[in-house]
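Residue numbers (this note's numbering): 178 to 322. Where is the CB? At the ideal position from N, CA and C, for every residue including glycine. Step one of this worksheet: look at the structure below.
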Amino acid sequence: MKLRMADLTRGDYETFKQMHLQFRYAELDAAQEMERQAVIKNYEDYYEYAQNEWIYFAVKDGEEVGYVVLTAYEDMTVKLEEVYIRKDCQRKGHGKKFVKKIIEFLRENGMEKVEVFSATMATDCFWSECWFKSVGGSEMFEYVI
């Protein structure tokens, strides 16, 4: 698994869009599915968003299999806004490998803490397995680098 920074090209927008529109919270069935409005609706949104946030692709065997949107703060904290692995790549350890690569990248760039909001019990388990800790028993999880 490798990380690749998303470019501001239409090609990377199309790659991102395909996955962004498929984003769902883990372990929700159709009756429970949470309504999620895509944040990025067109290339112009993507272009603007990518100038203010860090967007990286998860690359396996030369193919983009996921993405992460990161927000960095002055206190050297980074929030994982969205982490996504394609459905055909889920439940195979790719998500954990992706998170490990993200943390390595952030460590190399001097970041000190990573935060993420966990929407479901399944994602709580995922973040715990990635060594994140719940903040005061809340839905916010953090990893101190």
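Once DSSP output is grouped into helix, strand and coil, what is the label at residue i?
i: Ser315; result: coil
i: Met320; result: Just to set this straight, residue 320 is Tyr in the shown sequence, not Met. In the structure shown, Tyr320 sits in a strand (DSSP, three-state: E or B).
i: Gly239; result: coil
Provide the residue(s) that pair with residue i in DSSP beta bridges, ordered along the chain.
i: Val245; result: Tyr233 and Val260
i: Met182; result: Tyr233
For my contact list, residue i and residue j are in at a C-beta cut-off of 8 Å; report their separation, rounded to the angstrom.
i: Phe318; j: Val293; result: 5 Å
Taking the Cβ atom as the reference point for each residue, do residue i and residue j lie within a distance shorter than 8 Å?
i: Ala296; j: Ile232; result: no
i: Glu259; j: Thr248; result: no
i: Met196; j: Tyr250; result: no
i: Val236; j: Lys179; result: yes
i: Cys307; j: Lys273; result: yes
Minimum length 4: unbroken alpha helix (DSSP H) runs contained in the stretch 252-310: 271-285 and 298-306
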